[in-house]
Structures are given as structure tokens and as C-alpha cells.
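For the sequence shown, the UniProt record's numbering begins at 1 and goes up steadily by one. Notes for the one structure printed next.
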Amino acid sequence: MRFSTDSHHNNIQQNRLAPVHNKPLYIKTQNHNVEAEDSAIQLLRLQIKGMSCASCSASIERALRKQQGILEANIFILTHSGIVKFNSLQCSVQHIMESIKQLGFEAIIDSDINSSTLSNQAHNSPLASAIPTNITQNGNPASLHSSPNPSVLLTDSSTQNISLFNKIHCFIENRLLTNKRRLLLSLILSAAILYISMLHEMLHLPLPAWLYNNFYNGMAQLIITLIVMHLGRTFYFRGIRALISLRPNMDSLISIGSLAGFFYSLYSLLQFGVITQEHLANWHLYFESVCVILSFVMLGKYIEENAKSLATQNATKLLERNTKFAQKILNPEIVDSMQASTASNQAIQIQEVLVDTLQIGDYIQILPQSFIPIDSLLYSPNASIDESMLSGESLPVNKEKDSLLFAGTLNTDTMIIARVTQLAKDSTINKMQMLIKQTYESKMRIALLADRISAFFVPIVIILAILSGIFWFFYADTQTALLYFSSTLLISCPCALGLATPMATLFANARANKKGVFFKSSQSLENLSKIDYIIFDKTGTLTDGNLQLHSINLIDTQSCHTKEELLKICASIETGSNHLIAKAIVQAGKGFELYKNKRTTILANAGLESTLEIDSKQRHFVIGNAKILKEKANITIMEKSQENLLTIHLAEKKQDGYQLLGNLVLQETLKQDAKETIDKLTKAGFVCEILSGDTASNVASIANLLGIKHCAECLPEDKMRYIHSLQNEGHKIMMVGDGINDAIAIAKADVSVAMASGHEVSIEYSDIIYFHKHLLGLVEILQLGKATLNNITQNLGFAFLYNSICIPIAMGIFSGFGIILNPMIASIAMSLSSISVVGNASRLYAMQKAQAL
1 MRFSTDSHHN
11 NIQQNRLAPV
21 HNKPLYIKTQ
31 NHNVEAEDSA
41 IQLLRLQIKG
51 MSCASCSASI
61 ERALRKQQGI
71 LEANIFILTH
81 SGIVKFNSLQ
91 CSVQHIMESI
101 KQLGFEAIID
111 SDINSSTLSN
121 QAHNSPLASA
131 IPTNITQNGN
141 PASLHSSPNP
151 SVLLTDSSTQ
161 NISLFNKIHC
171 FIENRLLTNK
181 RRLLLSLILS
191 AAILYISMLH
201 EMLHLPLPAW
211 LYNNFYNGMA
221 QLIITLIVMH
231 LGRTFYFRGI
241 RALISLRPNM
251 DSLISIGSLA
261 GFFYSLYSLL
271 QFGVITQEHL
281 ANWHLYFESV
291 CVILSFVMLG
301 KYIEENAKSL
311 ATQNATKLLE
321 RNTKFAQKIL
331 NPEIVDSMQA
341 STASNQAIQI
351 QEVLVDTLQI
361 GDYIQILPQS
371 FIPIDSLLYS
381 PNASIDESML
391 SGESLPVNKE
401 KDSLLFAGTL
411 NTDTMIIARV
421 TQLAKDSTIN
431 KMQMLIKQTY
441 ESKMRIALLA
451 DRISAFFVPI
461 VIILAILSGI
471 FWFFYADTQT
481 ALLYFSSTLL
491 ISCPCALGLA
501 TPMATLFANA
511 RANKKGVFFK
521 SSQSLENLSK
531 IDYIIFDKTG
541 TLTDGNLQLH
551 SINLIDTQSC
561 HTKEELLKIC
571 ASIETGSNHL
581 IAKAIVQAGK
591 GFELYKNKRT
601 TILANAGLES
611 TLEIDSKQRH
621 FVIGNAKILK
631 EKANITIMEK
641 SQENLLTIHL
651 AEKKQDGYQL
661 LGNLVLQETL
671 KQDAKETIDK
681 LTKAGFVCEI
691 LSGDTASNVA
701 SIANLLGIKH
711 CAECLPEDKM
721 RYIHSLQNEG
731 HKIMMVGDGI
741 NDAIAIAKAD
751 VSVAMASGHE
761 VSIEYSDIIY
771 FHKHLLGLVE
781 ILQLGKATLN
791 NITQNLGFAF
801 LYNSICIPIA
811 MGIFSGFGII
821 LNPMIASIAM
831 SLSSISVVGN
841 ASRLYAMQKA
851 QAL
């Protein structure tokens, strides 16, 4: 199968990689035109600190989308990031940052900000003026809210004292009191206040003598509570700000619920301990509840963040392989003039350079146990490369000269020399990193339900809590009203609802990435669960793709005297192509000095039309399958059925028409696990079919071996129309191909899988990039898609059920049956509900190897 585009032969490979469909690289915000004619339309990437749940991200989104000049805003809780598309004539970066700050969050311009945005900035543009000039040590822009360098503004001793105080404060808050230490200190203090308030009496354990004084005991509880509240003060800062801006979130619920208990306890301490000095029995202190509430919420958030970190370990390891330096060979002429096997360290001059400075054609040296710094071709005779980060295969791959080496893979044995074939920005590892980021910064359709509900969930809970408090205030007393008011706020869990989809997506992607499978978006993961019809390309997908020359048949001995001459002409034509068939022919003719290729045109993905300079004369040829020879050269070829053999015909243009010169017969073999894969998919209820541009006999032989339907001699348009007809019948189609061929058909399928290899990592064409070497991984992909959707459904179902049952209980509706929840139990239940969602989602990462769907 070939591409349908015209080009000079030197540009054929590039044109075959050119996008031909409109599948967006990102969903939602990323489908902007980065080269928009209107330079005022800009894209801003942000890192957002302080988001604790999905309702936080939803509130920021809603606030930004209501601002004039902001065209799109998407905030991602998984990556704590956001992308804002805005009109700089109507809205400035400062305004965007300030809007986020007013909600209680801190926004920092992402160091990976879209290059197209920066390129459009003039010195007086909002974005340019907003980017701070002070840069941190790691090269990232400093926060817009960070203070100027103190050394610049020191004018007197008072300023020095303030600066010293700020430094001490920053050291304590950011270095000394890490999140883990804050949590541990909060838990210790909560245990202490529980002991002095109730446990010592329940367990008949001693207290210091002064704590038996009711007032002193209450003051000790107050001091401990203030310390714990300070440790968890971010809940109050964010929650109160969000409440004031009329966009309450989970932090608002925690803030109101715990503050209600705190102020009531403070009132009781002052009223009964200082003013009236009544007996302890009249005191109603809930200081311990405040501490326990904050501690358990902090614990729940800590567990959530650890789970996210665990799920992204695979991506982190991939980033760690992206080495910044390479050993460039300064005298490549020596390498070119000698055998790679005899090249010595004494003869080669090496300089360590930044990978970004390497150009295509540069030679590099790679030491043993070093990562490949950039995509390149192996110049040394052989190498052993660990490609587990791409394919999931633990065993090293043996590479021969001119084999592709991927950035991020590991050279395991000896020092090797390689020639750079891609710029650093276009390397395989960068594409994988982009895919991982895209997936985390995308949303499934099913997530939209949770987003819509979370927009109203928190306000409704606050209203229910107020109604409950008012009812019990008149029906019972203030203490009872406070109990049910706080419990209603604290039992509700928007986090469980908001985490249901993103956590399942996170763990599913981590599982897939570990196996060498990369999703373009979360939506493609969701679509997998709906697939019922699978269409396979043949060459390089069901067959191993390593075609070899089987035989040469010479027909016109006058125009082409020898079989070697026929092969030489064919190799000269195919040298500019990147197709599997072309590679096999070029490899077979490697020992010949090829003819000069003047022009080559690709014919409907099934052949090439070329002009070669032979003996100072220009001769015109057509090469391809029987169908293209009939259409282009009006030559009818009767082929015999030969299993697993591909016949490529060559014809030359004469004065009276085209003359058939002969043909090359290539042999292909079925992939080892192709039969087992098709059997498993068929048994699971999927309809499998082959659509191929190859001859009927070749396609039929493969289809018969696999026991599935087939359609041969298909042009890309035929495949697209066929897929469209199946979709009209209600089928959901997954197409599996090599990621470059049949781009139109791939774009039409509901889910497309690219069997990626080499420079054929085509992010533009497919939904899923598949680096796994075995086809059985397709079974696992489909199983993962079903399991992910089931997991999301379970999480959402649990979140709805939990809130539907627990909120009425917390309001006191079942108090007549003795079922009552105090605020401490409510906060524990709320934290456990979020943890249970995370725990259920983590099962996706621990899935066993697929055995049945």
C-alpha cells in the first residue's frame, strides 16, 4: 500500500508523513490554530498550586470562562495545570493570574509554554510583560507572586530585618514543614487533644495535675487546635476565598464545618470558663473534632497525591531517560573513511554537547550503559539495545548496522557510533512525553457528567446543611443544630465524584505506558469499550513486515538484459520511499550503484511512477501491483495464487505504450502470535477483517490462515468508504495499521491503532501508538478499555450512592432510629470515600496479563 501524493523523490518520505486529516492533537483547548492569522489570539499554559479536588479545577474553569476575552479554559486536576486561550486585546495575562488568585490558588506560567504563543509576542504584549525576568536555578520562570530579590532593595536595617524574617518564614514553611511533616505533626497533636479531652477519662489514664483544671484543660485544647488549624490553613484560605467569590468547593465545606465547631467551642470556653465559670458538664467543646477533621482530610489528600505519583512513575522514568548531553564526533571524515569496527577512541575526537544542538547527519558516540540521546542510525556493526521503555519487552534487542536507535533506549554492551536522523525536538521520546501529557490533559465524555454535577454539588450541600441546622436549632437546641450542620458539610464528598474518572484514566494510562502503549487522549481509551468490529491492515501488521526478495522474473530481455539490471532499476526507483516494500527492494539492491532518480510520483498508495537517468538517457518507469499496472500502463497481468508472496511489477514507457520488463517476488511471513490474537478476539465476539491494497491471492492466503474475512486491492478511498458503511450499520470500528499508510481510513475509524516502528511514530494519524512487539497486546488494550469504563462506572456509582445515603444521615433524618453521625466520624468517612475511589482505580494498574475479554 502506497501514499497518494506527488513529490520529487527526495521529498517523498516527508510527504508521506504529512497530516491528511483533521484529528486534533489535543482535545478541546488544543484544537486551536497555532498559526492563527489573528496574532491577538494567544495560548497560556499554567501550573496551578493549591488544587485539592475536582471541584477546585471546575470552579477555576467556570470563573475564567466568564471573563471577557477568554475563549477557552481547561484546568486539569491530575497535572495541576491549565491551558487558557484568550484574546490579548481584551484580556491580559495579569488579569488571568489575578482571577485565579482571587479564588485562593496560585498560578505560575509553565516553562513549557507553547512556542507559538511566545513567538507572537511583542515587547509590549501582555504575555511578554507578564513573564518575570528573574529565573530560578532550574531555568523555570519564577512565580509572578514571588517578591523581588531582597539584595536589590536593602536600604535600611528595618528592611533587612523584614527580609530576614521572610527568609526564616519561607524556610520554616517550605523547607522545614513539608507536607509529610505537617501531616505527622497534625496527627500527633490530634492524638494529644483526644487524650486530654476524653481518652484519659475513658481509659482511666493519668493527666498532668494542671490539666485537671477545666479552664486550663480547655485553654490547652485551644492552643493545640490553633496550631493544627495553622498547619491546615490552606483549606481556610482557599475555601473562604472560593466562598466569597460564590464558587464554593470542597475546601469551603471543610472550612465552614470546622470553623463552626471551633467558634462554638471558643464561645463555650469563654462563656462557661471565664464569664459564668460553670461546671464542666455545661461546656460543649469540639476542639478535638476540629483537629481530627483537618488531620484526616490532610491524610486523605496525602494518600491521593501518593497514588497519583505512583501512577505516573512510568512517565517519570521516561522523562529521566531524556538525556541533555551527547558525545559528538568532531572529525566525522575519519569515521566515514574507516570501518566502524576499527574506529578507535584515539582516532576519534569527541566533544560533549547539548542534544538540542545536534543536527541531522552528525555522528555521535554512545558509551555502554548510556541512554541513546537522540534518534539515530547505528553506524557500528552491531549493538544490544534495551527498548523496554517503548515496547515493554525486558530483553535487549540485537541491532545491526543501519538499524534505528530510539532516544531514551539503553545501550547495554559496547561503545557504539551512530548517525543522527532526527532533531531532538522530533525524537521518539519527546513524542511519547507529549502523548502522556496530552492524555492527562484530556477528558472523557463520561467525565462531563461528573463536571456538571460538581458545579452544583457544593452549593446544594451548603444549602442542605443550613436547612438542617435551622431545623434542629428550633426543634432541639444550638448544640444539636451545630452537630448536624457540621456533619452535613463534612460527610459530603465532591472529591469522590470528581476523582472517579481522572484517577481511573491515570492508572489505566500508567498500565498501558508500561506495556508500550500510548494513548493520544483519554477519549480514545473510553472509545475502546464500545468497539465491536476490528479491521487490520496486512503488511507490517499481521505479517512481520520484514519482506525479503524471493525471486526475480525477467520478461523483456531486450530492454532489461539481466535480473540484476531489473533489481537495480527497481531499487533506484524505490530509494526515496519509506514503505516496507520499498525498504525490502532497496535492501536487496544494496550492493549496486544505483541510477540517478530524477523524479518520482506516488500512485494511489499502490505504486510509483519514476524517471531515471540511465546511460545519459532519461527513461520512464511504473512499478507496483497488477492493479496499478492496469490503470496506469494499461497492462493486464494474470497472476498465479502464491501464498505469502508479493509480486511487484516493473514496466517501462515506450513510444507505443508501456512494456512489461519483469517482476520481483517478495516473501512475507505471518507474525508469530497473529493466529492466537485473532482467535481470542473472535472468541470475545469481535468481528475481524483484513482490508489490504495487496493482490487478492496474497490477502486471501493470510485471511485463510487466520480464518477471517478479507477485502483485497483496496485503495485508501475504498477503505474509508467501507468503514463508513459499517458505521452506518451501527458498528464501532477499530482500525489497526502501521500508522502512516491509509491515513484517510485511519481518520475515519472510531479508534485507530498505529503499529509504530522507527520514524513511523505518527502521532497525527492515530489515536493509539502501539510499540508492543506482540499482537496479543491488542487483546490487553481492549480489555483495558472495558475495565477502565467499568471502573469509572463503579467509582461514579459509589460516589453517588455514598453521598445519597450519608448526607441524609448527617442531616439527622434517621436520628429517630438512633443513627447519628458526629463531625469527626463524618470527616473520616469523607476521607475514606476518596481513598476508596483511588484504591479502586489503582486496580487497573495491577491488572494481570489479558487472558480473555
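Glycine included, C-beta positions come from ideal geometry on N, C-alpha and C. All figures in this text were calculated on a predicted structure; none of them were measured in a lab.
ask   = Just the Cα atoms here: how many angstroms apart are Asn625 and Ala606?
value = 6 Å
ask   = Out of Tyr802, Glu689 and Leu705, which has the shortest C-alpha to C-alpha gap to Ala712?
value = Glu689
inquiry  = Report the CB separation of Asp375 from Gln433 in whole angstroms; it is logged as a contact under 8 Å.
reply    = Not a contact, Cβ separation roughly 14 Å.
inquiry  = For a quick check, are the C-beta atoms of Met830 and Leu482 less than 8 Å apart?
reply    = no
inquiry  = Would Leu358 and Lys328 qualify as a contact pair, given that the criterion is a beta-carbon distance under 8 Å?
reply    = yes
ask   = Exposed or buried, Thr562, counting other C-beta atoms within 10 Å across all chains shown (16 or more means buried)?
value = exposed
request  = Please report the residue range of the alpha helix (DSSP H) in which Phe798 lies.
outcome  = Where Phe798 is concerned, the enclosing alpha helix (DSSP H) stretches over Gly777 to Ala810.
key: beta strand (DSSP E) segment containing Ala712, residue limits   = Neither: Ala712 is in no beta strand (DSSP E) and is coded neither H nor E.
Inter-stretch contact (C-beta, 8 Å, three-pair minimum) for the region 699-715 and the region 647-658 = no
ask   = What span of residues does the beta strand (DSSP E) with His550 cover, start to end?
value = Here the beta strand (DSSP E) through His550 covers Gln548 to Leu554.
key: Which of helix, strand or coil DSSP assigns to residue 854   = This structure cannot speak to residue 854, because the chain is shown only from 1 to 853.
task = If I'm right that Lys732 touches Asp750 with Cβ under 8 Å, what's the distance once you round it to whole angstroms?
result = 5 Å
query = Excluding the five sequence neighbours on either side, which residues of its own chain have a C-beta within less than 6 Å of the C-beta of Arg843, listed in chain order?
reply = none
request  = Find the nearest neighbour of Ser529 within the set Ile416, Ile781, Asp426 and Thr178, judged by alpha-carbon distance.
outcome  = From the listed residues Ile416, Ile781, Asp426 and Thr178, the smallest Cα separation to Ser529 is found for Ile781.
message = Cutting at 7 Å between CB atoms, please list the residues of its own chain near Ser559, excluding the five before and the five after it.
response = Glu652, Gln659 and Leu661
key: Inter-residue spacing [alpha-carbon to alpha-carbon] between Ala504 and Ala512   = 12 Å
message = Does Met638 come out as helix, strand or coil in the three-state DSSP assignment?
response = Shown here, Met638 sits in coil according to DSSP, grouped into three states, outside any helix or strand.
ask   = Helix or strand or just coil, what does DSSP make of Ser610?
value = strand
request  = For Lys399, count neighbouring C-beta atoms within 10 Å of its own C-beta (all shown protein chains included) and say buried if the count is 16 or more, exposed if not.
outcome  = buried
ask   = DSSP beta-bridge partners for Phe519?
value = Beta-bridge pairing links Phe519 to Ile768.
task = Identify which residue in Ala745, Lys401, Ile708 and Ala192 has its Cα closest to the Cα of Ala724.
result = Looking at the sequence provided, one finds His at residue 724 rather than Ala. For His724, the nearest C-alpha among the options comes from Ala745.
task = Assign Arg241 to one of two classes, buried (16 or more other C-beta atoms within 10 Å of its C-beta) or exposed (fewer than that).
result = buried
query = Helix, strand or coil: how does DSSP classify residue 854 here?
reply = Here the chain has residues from 1 to 853 only, and residue 854 is not among them.
message = Using the three-state DSSP reduction, which class does Asn513 fall into: helix, strand or coil?
response = DSSP places Asn513 in helix when its eight states are reduced to three.
message = Quick check on this structure: which residue in Tyr216, Ala58 and Glu668 has the alpha carbon closest to the alpha carbon of Thr647?
response = Glu668
query = Buried or exposed: where does Leu231 fall if 16 or more other Cβ atoms within 10 Å of its Cβ makes it buried?
reply = buried
request  = Could you round the C-beta distance between Gln102 and Ser245 to whole angstroms and report it? I think they count as a contact, below 8 Å.
outcome  = 6 Å
query = Which ranges does the alpha helix (DSSP H) cover as unbroken runs of at least 4 residues, wholly within the region 205-249, from first to last along the chain?
reply = 214-231 and 233-244
query = Can you give the Cα-Cα distance for Tyr802 and Cys493, rounded to whole angstroms?
reply = For Tyr802 and Cys493, the distance between alpha carbons rounds to 8 Å.
ask   = When the Cα atoms are used, what is the spatial distance from Leu280 to Val837?
value = Because the pLDDT of Leu280 is 47, which lies under 50, any placement of that residue in the model is unreliable, and the number read from its coordinates should be weighed accordingly. Leu280 and Val837: Cα-Cα distance of roughly 42 Å.
message = Can you confirm whether the region 530-538 touches the region 679-686 when touching is taken to mean that 3 or more C-beta pairs between the two stretches lie within less than 8 Å?
response = yes
request  = Tell me, to the nearest whole angstrom, how far the beta carbon of Leu378 is from that of Asp413; I am working on the premise that it is less than 8 Å.
outcome  = Actually they are not in contact, since the Cβ atoms of Leu378 and Asp413 sit about 13 Å apart, beyond 8 Å.
Extent of the continuous beta strand (DSSP E) to which Asp386 belongs = Asn382 to Asp386
query = Three-state secondary structure (DSSP) at His724?
reply = It is helical.
task = Compare the beta carbon distance of Leu285 and Ser255 with 8 Å and say whether it is the shorter of the two.
result = no
ask   = So, Glu613 versus Lys632, is the Cβ gap smaller than 8 Å?
value = no
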